[in-house]
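Protein sequences, first through last, are from chains A, B and C.
Taken in order, the first sequence gives residues 444 to 609; the numbers are from the working numbering.
Taken in order, the second sequence gives residues 22 to 311; the numbers are from the working numbering.
Taken in order, the third sequence gives residues 50 to 792; the numbers are from the working numbering.
Glycine included, C-beta positions come from ideal geometry on N, C-alpha and C.
Owing to the predicted nature of the structure, the values given are computational and were not obtained by experimental measurement.
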Amino acid sequence: MMSDTIELQFTLNGLPKTIAVRSSAMLAEVLRDDLGLLGTKISCNEGECGACTVLIDGRTANSCIVLAAEVDGCEVLTIEGLAAGGELHPIQTAFIEEGAVHCGYCTPGMILSTKALLDRNHDPDSAEVRKALEGNLCRCTGYNRILKAVSRAAGKLRAPSPVAGE
Amino acid sequence: MAQFRVAAPRALDEVFSLLPTYGADAALVAGGTDVLIHIRAGKSSPKLLVLLSKVRDLDSTIQVTGSGVLFGALTRLSDVASHPVIRDRYAALADAAGQIGSEQIRNRGTLCGNIGNASPAADTMPPLYIYDAVVNVVGPNGRRAVPIQSFVTAPGKTSLAQGELIESIFCPCPEDGAGSAYIKLARRNGIDIATVGAAAMILGTGKVRVALGAVGPTPVRALDAEDQLGKGLDDADAFERGIDMVAAATKPITDIRASRDYRLAMVKALTREAIRVSLERRLTTGRVLP
Amino acid sequence: MDVVGKSVLRGDAYKKVVGTHEFAIDGRVPGMLWARLVRAPTGHGRIVSVDASEALAVPGVVSVITAADLPKPMPLYGSVVADQPLLADGTYRYHGEPVAVVLADNDEAALIGAARTRIAYEELPAVVTVADALAHDAALVHDTEGGPRSNVHKAYNYAWGDVGSAEAQCHKIFENTYTFPMIHHFALEPFSVIAWPESGGVQIKSPVQHPFLLRRVVAECLKLELSKVRVVATSIGGGFGSKGYAKYEPLAACLALQTGRPVKISTSLDEAFVTARRLSATVRMRTGFDRDGRILLQQVEADYLMGAYADAGPRITQKAAYVSCGPYRIPNLRTVARAIYSNTTPSTAARGFGMPPLNFALETQMQMAARDLGIDPVEIRLRNLVRKGEQLVPGDIPADGEWSEGLRRAADMLGWDEPLPPGTGRGISIGIKNPIPGSVSNALVKLHADNSLTVAVGTSEMGQGACTVLAQIAAEELGIPMDRITMIMGDTAAVPFDVATAGSRSTVTMGNAVQSACKDVIKQLEDMAKELGLIAADETVQIKGGMVSDGQNSLSFNDIFTRYFSKTQGEVVGRGLYKGEVVAGHPLGGLSDFWEVIFIAVKARVDPATGKVRITKMINVSDIGKAINPLHCKSQEEGGAMMGLGHALMEQMLYDEKGRLRNGSPLDYRIPTTMDIPWEMDSSLVENQDGAGPFGAKGIGESGAITAAAAIAAAVADATGVFFKDLPITSERVWAALSADKA
Ligand SMILES: Cc1cc2nc3c(=O)[nH]c(=O)nc-3n(C[C@H](O)[C@H](O)[C@H](O)COP(=O)(O)OP(=O)(O)OC[C@H]3O[C@@H](n4cnc5c(N)ncnc54)[C@H](O)[C@@H]3O)c2cc1C
Ligand code: FES
Ligand code: FES
């Protein structure tokens with residue numbers, strides 16, 4: 444039950460995963476260093492910026508301050524798992540179309556926070572979008588285009604279309 | 022630079038058998054949003070982290086009963102903030118939980134962790150003070166209940182004995198027609214620690230309760246001022262005397278977030294606002310019955 | 050036009066949204082050593098000893114390097130003055146200065162090793178403010194034998210007209226002192242660099258804005274030939290000036306050469322606060338007006354506080370003061386600006402390059418004059434704004450736009466004349482800046498046999514969209530579709546020289562170079578067609594949509610290409626050079642290529658009880674000449690403006706008296722979040738095709754950051770009746786001013 448390494452079993456981007464990791468490792472380190480999923484970005488490394496955001500059981504979390512051990516038995520979604528089968532998720536296309544991507548460092552986290560929001564609220568108003576993204580800092584865009592991208596994505600996801608939603 | 026080991030016990034008994042071996046070198050982890058930050062910042066260096074998240078006997082729900090609500094050791098802040106009964110009958114607590122950190126933080130961080138961390142600026146503390154919350158503590162030798170006001174003793178210090186943990190927090194049901202609010206002031210609107218936080222509740226009988234955060238080593242319940250504020254609800258001068266008494270009950274300091282003077286002034290401003298919103302809510306909110 | 054003027058989607062966005070876009074921090078090279086830095090504990094001190102014994106005992110730690118292990122004398126680096134040592138040598142001069150570096154086989158060991166390396170030190174007095182630095186008995190930041198006995202590095206003077214005799218004509222003179230705090234760039238991507246020995250020299254991979262400048266600085270520092278230093282600029286996760294000038298690259302290069310192995314220096318975001326900051330400034334400004342609100346004179350004394358090493362600080366001071374007149378007609382002017390050393394984080398370029406402090410001062414003076422003289426703030430600016438073609442800074446290019454148009458538009462879009470709710474104010478301001486004078490950009494454009502194109506430029510992609518916009522220019526010029534164009538950027542071994550990705554210059558200067566390289570390709574195709582006899586030698590030809598025609602015959606590029614070479618051989622290589630106008634004796638070395646001008650209008654609501662300011666509406670308008678990509682332009686405006694909003698309301702680095710940075714972390718240094726931006730924000734572009742760039746474009750990018758703080762300060766002044774002369778305008782400051790007012 445207690446050792447320097449632990450074995451984790453969890454679902455990563457829809458697929459079952461079993462991996463042995465150092466018990467003190469953070470989820471972000473495991474994703475990046477052990478699993479090579481570099482789309483999860485590390486910036487502040489202290490829960491302030493949201494660059495490392497992933498979804499754990501559908502909810503946003505800062506993977507830089509979540510022990511990997513916590514996700515045993517959970518479902519984890521990273522940015523790499525969003526474009527199923529190479530087809531961009533409507534949120535991803537909305538971010539491109541609205542010019543919400545500049546340097547791109549905040550983008551994976553921003554997109555995953557948006558996904559969590561739109562999964563629970565199909566038609567968020569501007570105040571709700573701002574609130575949902577307060578933990579995702581962006582120094583490039585000034586956020587305006589990101590807010591537009593979120594509402595465009597919400598529109599796409601509401602529209603009955605074969606590619607909408609997951 | 023983590024130099025610790027991690028244990029993920031499945032039952033309380035296991036927790037209790039683990040803790041004594043490490044003593045003060047063990048730290049309990051609920052959401053970890055405080056513990057891991059402190060380790061990262063070099064403020065603490067525990068040798069063992071005991072994860073509570075996989076302990077079967079600990080609860081992550083909010084139980085609504087006829088006499089009040091019960092928050093489990095693992096109840097997350099985002100669930101507190103969005104729960105319809107909390108939003109309606111414990112609005113100050115929903116206000117506070119909803120303003121802690123960011124959504125990512127609220128999704129991991131727990132209510133019990135917020136009080137366990139015992140920060141003077143912990144947002145949920147002032148609301149818990151005005152609701153007269155009770156902290157249910159469990160240890161190897163059994164259970165005890167601690168009134169919230171004697172739970173936090175100093176910055177970072179609680180009345181938990183070594184080996185004990187918080188099993189739940191109970192908030193008795195405020196009487197019908199009560200209205201409450203928590204007002205937070207920080208350096209910015211998004212994700213920030215409170216410079217000052219003020220919670221107020223107006224009871225149906227016209228009684229007022231007020232508690233403040235970030236203006237003393239522990240949260241402050243301004244008991245002496247409450248009577249005066251109650252009298253002042255329809256007497257502006259009396260009310261202002263009450264507000265002065267609230268300020269007198271606090272001991273703010275100067276730090277990088279704000280000066281003592283500003284904090285003192287904000288105690289007054291936010292208390293007024295918290296009372297104003299509480300009154301408004303008392304009149305307007307329809308009840309959601311448990 | 051088919052491509053230019055369209056909001057073409059970013060070429061690099063796909064990888065960024067799926068998470069496969071690589072940043073330097075993600076890079077790994079086989080055999081690599083991981084380096085972490087051990088840093089100075091206070092603002093100024095003498096290093097007594099470094100105890101590495103505990104660090105060396107950490108499994109995986111290979112060595113701990115201090116100044117003693119580096120070449121002697123200690124190599125110094127810097128783009129303006131080479132005054133910065135690779136590691137502190139005997140003395141350290143700012144909190145966080147690298148004193149030792151731990152090399153290890155893995156990052157964790159390096160981190161633990163760094164935490165366990167102990168520095169024994171003796172504190173020396175630290176200077177952390179302008180006043181400290183100028184005190185008669187001030188400690189010297191650079192106390193070198195035979196060196197200057199002052200912390201003032203340099204003073205820059207500008208003057209025209211006759212301030213003295215204009216005094217008498219003034220109806221009113223406003224004289225005020227303004228302070229602008231130390232600001233951190235706060236790029237999300239931390240600093241990270243990998244260097245390794247390569248072909249008798251060194252290769253450096255770093256998210257750097259100016260790869261060629263870095264190449265020069267490293268070559269000078271390590272005494273290598275330029276051709277032996279190869280810099281590969283990786284895609285930048287936010288720069289804003291912080292990644293322009295050399296930071297950890299010279300040290301990484303030196304260590305790579307010394308160990309013979311690849312070395313990666315990684316830093317945390319906290320460490321970014323002790324790596325780079327914007328210059329703070331104290332600005333004393335006297336502005337004299339006539340009865341009608343026309344400026345008659347202006348006197349400026351600007352003290353710019355640099356950090357412990359010069360970095361770009363002197364140039365920033367010199368260049369900002371050059372445009373201390375703002376966009377206004379000021380017949381009599383005298384400006385002196387000083388670049389001053391202090392024991393703080395080295396200050397470097399930052400969005401707006403020294404303009405924001407001067408802009409905040411000047412625009413606040415305008416606001417005061419408007420109030421005092423009873424003139425509307427828009428009107429008073431219109432009265433002073435230079436007209437198109439009118440001289441601004443004597444000897445430089447005249448105003449290259451009709452700027453009143455942008456000012457009026459910003460006011461209209463805000464609803465300037467609408468009645469305001471109580472507690473709300475409106476403010477407007479104009480920002481101006483010039484790019485790098487007399488600068489050089491080269492571009493190579495290669496047309497391949499299959500009608501695809503490679504464009505090679507030294508510009509770095511840092512989110513501003515250069516890779517898309519420069520491709521658009523080539524696509525338009527040659528009629529080749531965007532998806533057949535590949536951009537090669539920022540590898541000094543593969544692309545021709547460019548001076549810098551800075552100063553909002555790339556679309557204009559590199560854009561011109563790309564455009565002329567494309568024209569060179571066309572010229573060559575034309576010559577080839579004529580040589581083959583496909584087109585009459587004396588005909589003028591037309592190029593459109595990838596076709597060359599002389600009125601009778603129409604040939605595709607490909608036709609010409611394959612007939613001239615063959616299907617399997619050949620390449621048409623176009624060369625383009627842009628060279629700004631160099632002027633001998635000019636204080637900045639040459640003329641401005643264009644003026645970057647932005648107008649910001651703001652409505653702000655102030656809560657008198659708490660002093661809290663909310664921006665309810667913000668309008669950004671830029672005089673852009675021609676927007677090659679309107680979406681990019683607008684989002685540059687907005688990004689800049691939100692950075693400016695942070696400067697206005699919350700950002701500041703705070704030091705204690707020992708020179709220790711008290712809030713050097715994202716936890717304590719606040720930047721705007723989604724909850725802090727204006728409730729409503731809109732942007733617009735003035736396009737009159739009157740810029741010096743391709744298709745009449747001007748530059749944008751620093752834009753909003755130059756003047757958003759001034760506009761916000763004006764709105765707060767309008768709402769409260771109090772002029773704030775010190776940034777940031779925190780809630781506490783507003784509250785304090787309002788309570789003082791009441792008392
Ligand atoms: C970026 C960021 C922003 C934040 N913003 C705010 C904010 O605005 N306002 C605010 O109040 N806080 C804030 N916090 C602090 C933190 O998120 C909250 O205090 C949160 O409620 C802590 O809960 P947790 O479950 O994560 O606690 P943990 O970190 O798991 O634990 C905190 C402390 O409580 C103890 N503990 C936890 N559970 C128990 C238990 N059942 N019994 C006994 N002891 C226990 C732990 O041992 C530890 O000492 C912020 C943190 C971060 C990283
Ligand atoms: S890197 Fe995890 S929140 Fe910033
Ligand atoms: S796009 Fe650069 S930080 Fe958001």
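Return the chain-ordered list of same chain residues with a C-beta closer than 8 Å to the C-beta of Gly524 (chain A), the five sequence neighbours on each side being excluded. Leu455, Asn456 and Gly457
The beta strand (DSSP E) spanning His202 (chain C) covers which residue range? Val201 to Trp209
Buried versus exposed call for Thr536 (chain A) [16 or more other C-beta atoms within 10 Å across all chains shown]: buried
Give me whichever residues DSSP pairs with Ser605 (chain C) in a beta bridge. Its beta-bridge partners are C:Met596.
Run the proximity test for Asn406 (chain A): is its beta-carbon closer than 8 Å to any non-hydrogen atom belonging to ligand 2? Coverage of chain A is limited to positions 444 through 609, which leaves residue 406 (chain A) absent and any answer about it impossible.
With a threshold of 16 other CB atoms inside 10 Å of the CB of Thr174 (chain B), please say whether the residue is buried or exposed. exposed
Quick one: what does DSSP say Ala551 (chain C) is sitting in, helix, strand or coil? Taken through DSSP and simplified to helix, strand or coil, Ala551 (chain C) comes out as coil.
Under a Cβ-count criterion, where at least 16 other Cβ atoms within 10 Å of its own Cβ denotes burial, should Lys558 (chain A) be classed as buried or exposed? buried
Consider the Cβ of Ala592 (chain A): report whether some Cβ of chain B lies at a distance smaller than 9 Å. no
Flag Arg165 (chain B) as yes when its Cβ comes closer than 8 Å to any non-hydrogen atom of ligand 3, and as no otherwise. no
Would you grab the beta carbon distance between Trp452 (chain C) and Leu434 (chain C) for me? Rounded to a whole angstrom, and I think it's under 8 Å. 5 Å
Tyr358 (chain C), DSSP secondary structure in three states: coil
Coil, strand or helix - Glu450 (chain A) by DSSP: strand
Could you give the distance in angstroms between the alpha-carbon of Gly95 (chain C) and the alpha-carbon of Ser555 (chain C)? Correcting the residue type first, residue 95 (chain C) is Arg in the shown sequence and not Gly. Going by the C-alpha atoms only, they are around 43 Å apart.
Going along chain A in order, which residues have a C-beta closer than 7 Å to the C-beta of Lys65 (chain C)? Under the 7 Å cutoff, chain A gives Val544, Gly547 and Thr550.
Contacts around Thr54 (chain B), its chain only, beta-carbon distance under 6 Å, and the 5 residues preceding and following it disregarded: Taken in chain order, the residues that qualify are Ile126, Arg129 and Gly130.
At 8 Å on the CB atoms, spell out the chain C contacts of Ala494 (chain A), in chain order. Leu237
Buried or exposed: where does Lys121 (chain C) fall if 16 or more other Cβ atoms within 10 Å of its Cβ makes it buried? exposed
Between the C-alpha atoms of Val217 (chain B) and Ala207 (chain B), what's the straight-line distance to the nearest angstrom? The straight-line gap from Cα to Cα measures roughly 7 Å.
Quick one: Cα of Thr584 (chain A) to Cα of Phe338 (chain C), how far? 38 Å
Within 10 Å of its beta-carbon, does Ser255 (chain C) have 16 or more other beta-carbons around it, so buried, or fewer, so exposed? buried
Just checking: is the beta-carbon of Ser65 (chain B) within a distance shorter than 9 Å of some beta-carbon in chain C? no
Taking 8 Å as the line, does the beta carbon of Cys495 (chain A) fall inside it for any heavy atom of ligand 1? Outside the cutoff, so no.
Hey, is Met231 (chain C)'s beta-carbon within less than 9 Å of any beta-carbon in chain B? no
Under the three-state reduction of DSSP, which class applies to Val298 (chain B): helix, strand or coil? Helix, per DSSP.
Cβ of Gln513 (chain C) less than 9 Å from any chain A Cβ? yes
Step through the CB atoms of chain B and report whether any lies within less than 9 Å of the CB of Leu823 (chain C). Since the first residue shown for chain C is 50 and the last is 792, residue 823 (chain C) is missing from the structure and cannot be characterised.
Any C-beta of chain C sitting closer than 9 Å to the C-beta of Glu609 (chain A)? In this prediction, Glu609 (chain A) has a pLDDT of 39, which is less than 50 and means its spatial position is unreliable; what the coordinates show is noted afterwards. Cβ-Cβ to chain C under 9 Å: no for Glu609 (chain A).
Cβ-based neighbour list, Thr659 (chain C), same chain, cut-off 7 Å, excluding 5 preceding and 5 following: Ser780 and Trp784
Is Met445 (chain A) close to chain C, meaning its C-beta is less than 9 Å from at least one C-beta of that chain? Confidence is the limiting factor: at Met445 (chain A) the pLDDT is only 49, short of 50, which leaves the residue's position unreliable and the question unanswerable from this model.
Nearest candidate by alpha-carbon position, reference Ser74 (chain B), set B:Val158, B:Arg31 and B:Thr226: B:Arg31
Residue environment, Asp568 (chain A), which counts as buried when at least 16 other CB atoms sit within 10 Å: Looking at its Cβ environment, which holds fewer than 16 other Cβ atoms inside 10 Å, Asp568 (chain A) is exposed.
Counting only C-beta atoms, is Leu510 (chain A) closer than 9 Å to chain B at any point? Chain B has a Cβ within less than 9 Å of the Cβ of Leu510 (chain A).
According to DSSP, is Met445 (chain A) part of a helix, a strand, or is it coil? Per-residue confidence for Met445 (chain A) stands at a pLDDT of 49, beneath the threshold of 50, marking its modelled position as unreliable; no derived number is given.
Restricting to Cα atoms, I'd like to know which of C:Ala101, C:Ser128, C:Pro108 and C:Gly109 is closest to Asp118 (chain C). C:Ala101
Continuous alpha helix (DSSP H) stretch holding Ser556 (chain A): start and end: Thr550 to Arg563
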